[in-house]
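Under UniProt numbering, the first residue of the sequence shown is numbered 1, with each subsequent residue one higher. One structure is given here, and the rest of the page talks about it.
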Amino acid sequence: MCYALSYFAGSSFVGKLSNNKGGPRRVTPQNLNLGIKMKSSLCVGNEDELTFFKRRDVIGLALSASSLLIYSLEAGAGGLPPEEVPRICDKSCEKELENVPMVTTESGLQYKDIKVGSGPSPPVGYQVAANYVAMVPSGQVFDSSLEKRQVYIFRVGSGQVVKGLDEGILSMKVGGKRRLYVPGSLAFPKGLTSAPGRPRVAPNSPVVFDVSLEYIPGLDDEEE
């Protein structure tokens, strides 16, 4: 059975759940974990996006969503101390990254592969599930899916996220991890305001993303 999970850029944890054969169901404590609103600074395009998951995907989202609701109240508002912030690239990884060659694209995006994946690359227009840690050049984190304990799902090549992330993830393979050095022209044209424990991102200023490509729901469904 395939389920449809509606997710929106917003500030409250509510949503609608429906199966692919019927209409929407009212949100209850039993299905609240499956229908949530998430807020992310990465979202720059259309807010409404419908995502289809197989049963295993829904179960995974349900398990992580319950912890997300609690965790966001405890740690999300004030941020964590720098040494406790979850990272895709830890201290040993940072050391190894110094010897990894830098790749520069025509757009000015630069990246280093922390780990090259062994799965498929996402075709343009497909949805991807990824984890990310977004930082200013000094290394201070301003957004992270790891802190939210929820993978971020978006459609690549559709302008739903900042241009640098969109471009950088298109050439990744499932299972891969990459550090993206995003120039200001491919980042946040309007910038981001500061928040408790979070630095301000000035308009058109460079940012850094550590990204791990977890899976591609559409390709997984087709292969099975």
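All C-beta atoms in this analysis are idealised placements derived from N, C-alpha and C, irrespective of residue type, glycine included.
Thinking just about the alpha-carbon of each residue, which of the options is nearest to the one in residue i?
{"i": "VAL116", "options": "LYS95, VAL174, VAL161 and TYR126", "result": "VAL174"}
{"i": "GLY157", "options": "GLN140, SER144 and VAL128", "result": "VAL128"}
{"i": "GLY176", "options": "CYS89, VAL182, THR105 and GLU214", "result": "GLU214"}
{"i": "LEU186", "options": "THR193, PRO203, SER171 and PRO199", "result": "PRO203"}
{"i": "ILE88", "options": "GLY218, PHE209, VAL162 and SER121", "result": "PHE209"}
{"i": "ALA134", "options": "ILE216, VAL85 and PRO122", "result": "VAL85"}
{"i": "PHE188", "options": "ILE114, ASP113, SER118 and VAL136", "result": "VAL136"}
{"i": "ASP143", "options": "THR193, GLY159 and LEU109", "result": "THR193"}
Out of curiosity, what's the CA-to-CA distance linking residue i and residue j?
{"i": "GLY139", "j": "SER92", "result": "15 Å"}
{"i": "ALA195", "j": "VAL141", "result": "11 Å"}
{"i": "GLY184", "j": "LEU165", "result": "12 Å"}
{"i": "GLU106", "j": "GLU167", "result": "11 Å"}
{"i": "GLY171", "j": "VAL100", "result": "Checking the displayed sequence, the identity of residue 171 turns out to be Ser instead of Gly. Going from the Cα of SER171 to the Cα of VAL100 covers about 17 Å."}
{"i": "PRO217", "j": "VAL161", "result": "18 Å"}
{"i": "MET102", "j": "GLU94", "result": "14 Å"}
{"i": "SER205", "j": "ARG198", "result": "16 Å"}
{"i": "TYR181", "j": "LEU97", "result": "13 Å"}
{"i": "LYS163", "j": "THR104", "result": "15 Å"}
{"i": "LEU146", "j": "ASP113", "result": "19 Å"}
{"i": "GLY159", "j": "LYS148", "result": "22 Å"}
{"i": "SER118", "j": "GLY108", "result": "26 Å"}
{"i": "LEU219", "j": "GLN150", "result": "20 Å"}
According to DSSP, which residues form a beta bridge with residue i?
{"i": "ALA129", "result": "ILE153 and TYR215"}
{"i": "ARG178", "result": "ASP113 and VAL211"}
{"i": "ASP143", "result": "ALA134"}
{"i": "ARG198", "result": "ALA195"}
{"i": "VAL103", "result": "TYR111"}
For my contact list, residue i and residue j are in at a C-beta cut-off of 8 Å; report their separation, rounded to the angstrom.
{"i": "VAL207", "j": "GLY191", "result": "Contact flag wrong, Cβ pair sits at about 10 Å."}
{"i": "VAL211", "j": "ARG178", "result": "5 Å"}
{"i": "ALA169", "j": "PRO122", "result": "At residue 169 the sequence reads Ile, which differs from the Ala that was named. Yes, they are in contact, since the Cβ atoms of ILE169 and PRO122 sit about 7 Å apart, within 8 Å."}
{"i": "ALA130", "j": "TYR152", "result": "6 Å"}
{"i": "TYR126", "j": "ARG155", "result": "7 Å"}
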